[in-house]
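What follows is one structure encoded as structure tokens, with my remarks underneath.
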Ligand code: ADP
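Residue numbers (the working numbering): 77 to 445.
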């Protein structure tokens with residue numbers, strides 16, 4: 077049976093039962109009520125009134141029954157109309173929801189339901205619209221991701237094809253081709269590895285081995301790792317070691333965040349420049365700063381560099397071996413560990429990237445690096 081008729085019949089049943097109950101109650105109570113009042117009237121009227129007692133009782137009962145016979149059908153009619161309107165509204169809302177979900181199921185994420193009113197049906201429509209909007213956003217980012225990845229892969233693939241053709245035509249020395257092929261495959265490997273990490277970070281699926289980590293040890297390990305690169309790029313790398321403090325973090329992931337920030341600072345700072353690294357305690361976090369004397373960033377770029385594949389200068393970033401997701405990974409990792417990565421920069425004045433990690437109250441933590 078259709079929902080409309082089910083609702084309508086259940087309303088109708090309630091209405092009919094109410095009317096029947098009303099008639100029965102009237103029959104039971106009204107009779108004794110009328111008899112009581114007529115007896116009082118007859119007493120007041122004296123001996124003459126006694127002959128009128130039967131007529132009076134009958135007259136009052138007839139009037140009451142007549143009034144009920146007119147009022148009951150009218151009330152029934154109004155009640156049935158109201159029941160039909162109420163059932164129609166519920167059925168209309170359910171039908172719209174059903175059509176809307178069918179549209180969303182077939183990929184039509186722009187489908188929306190009207191949101192008029194303040195009741196639970198409007199709440200349902202509002203929640204449905206929110207769900208459709210978030211599905212649309214997920215679909216848009218999926219499409220964008222596929223097209224960006226395709227674009228990112230096209231560049232190294234074109235280069236690989238060029239090396240293969242050069243070799244084939246005998247116009248490219250084997251050594252040059254081999255170096256080129258190695259560089260491009262490394263770029264593709266880095267892209268695939270970073271992408272997989274980004275998707276795991278975004279899905280909250282990174283395995284973390286949280287423990288107390290000594291900040292000085294974290295900085296010393298980074299200094300040791302990046303000093304040769306700084307020398308080869310003619311950039312002065314200066315680490316200021318803070319008094320001993322500990323953070324509660326995954327040591328490998330924390331080292332990776334610092335490596336991404338330091339790698340960028342060295343990559344984008346021209347020869348003769350400087351990079352400073354220091355840590356400070358800012359309750360309840362420890363904040364590690366990486367400041368460079370590189371090109372800096374505009375306010376707009378500062379708002380966008382943490383997006384996947386956003387690059388201020390795409391060709392320069394690619395030449396420098398960037399995958400375009402280093403900062404996305406760094407911020408995602410810092411956030412899952414209870415910290416964050418932020419930037420302060422000005423165009424032409426260098427940049428300062430800061431990353432925070434939860435401070436651990438242990439004064440001399442286990443050095444896990
Ligand atoms: P990439 O692999 O291209 O370096 P990132 O996500 O690490 O990707 O950085 C995104 C972009 O942010 C870079 O392409 C670069 O334009 C800009 N950027 C990052 N770090 C710096 C920095 N220290 N100075 C200037 N620009 C930077």
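Here a beta-carbon is modelled for each residue, glycine too, at the ideal position from N, C-alpha and C.
Per DSSP, which residues does residue 314 bridge with? Please list them. 352
For residue 430, I'd like the list of residues in its chain whose CB is within less than 8 Å of its CB, leaving aside the five on either flank, ordered along the chain. 363, 364, 365, 366, 417, 418, 419 and 420
Say the cut is 7 Å; is the CB of residue 403 nearer than that to a heavy atom of the ligand ADP? Yes, the ligand ADP has a heavy atom inside 7 Å of this Cβ.
Contact test: residue 336 Cβ vs the ligand ADP heavy atom, cutoff 7 Å: yes
Distance between residue 326 and residue 288 (C-alpha atoms, nearest Å): CA-CA distance, residue 288 to residue 326, rounds to 8 Å.
Identify whether residue 433 lies in helix, strand or coil by the three-state DSSP scheme. strand
Can you tell me where the beta strand (DSSP E) holding residue 420 begins and where it ends? Going by DSSP, residue 420 is part of the beta strand (DSSP E) stretching over 416-421.
Using a threshold of 8 Å, state whether the C-beta atoms of residue 331 and residue 294 are closer than that. yes
Between which two residues does the alpha helix (DSSP H) containing residue 139 stretch? 125-181
Closer than 7 Å to a non-hydrogen atom of the ligand ADP - does that hold for the CB of residue 79? no
Looking at the ligand ADP, does it come within less than 7 Å of residue 399, judged from the CB to the closest heavy atom? yes
From the DSSP output, which residues share a beta bridge with residue 287? 325
Report the three-state DSSP secondary structure of residue 364 (helix, strand or coil). Residue 364: strand per DSSP, three-state reduction.
Closest to residue 190 by C-alpha separation, out of 376, 204, 151 and 179, would be which residue? Measuring from the Cα of residue 190, the nearest candidate turns out to be 204.
How big is the Cα-Cα spacing for residue 230 and residue 77? 58 Å
Going by the CB atoms, is the gap between residue 268 and residue 276 shorter than 8 Å? no
Sorted by chain position, which residues of the same chain lie with C-beta nearer than 6 Å to residue 312's C-beta, five sequence neighbours on each side aside? 350
Is the Cβ-Cβ distance between residue 433 and residue 352 less than 8 Å? no
Within 8 Å (strictly less), CB to CB, does residue 83 reach chain B? Judged by its chain identifiers, the structure shown contains no chain B, having just a single protein chain.
Below 8 Å, can you find three or more Cβ-Cβ pairs linking the region 251-260 to the region 232-242? yes
Taking the beta carbon of residue 441 as the centre, do at least 16 other beta carbons fall within 10 Å, making it buried, or is it exposed? Its pLDDT being 42, under 50, residue 441 is placed unreliably in this model, and the coordinates cannot settle the point.
Any heavy atom of the ligand MG inside 7 Å of the beta-carbon of residue 256? For the structure depicted, the ligand MG is absent and the ligand set comprises only the ligand ADP.
Quick one: give me the first and last residue of the alpha helix (DSSP H) that residue 239 is part of. 196-244
I'd like the list of long-range same chain contacts for residue 291, defined as Cβ closer than 8 Å, with 5 residues on each side in sequence excluded. 318, 320, 321, 322, 323, 355, 362 and 364
Starting from the C-beta of residue 221, find all residues in its chain whose C-beta is less than 8 Å away, skip the five residues before and the five after it, and write them out in chain order. 384
Thinking C-beta only, is residue 348 closer than 8 Å to residue 427? Annotated as distal: residue 427 and residue 348, with beta-carbon spacing of 8 Å or more.
In terms of residues, what are the limits of the alpha helix (DSSP H) holding residue 261? 250-278
Grouping DSSP H, G and I as helix and E and B as strand, with all else coil, what is residue 188? coil
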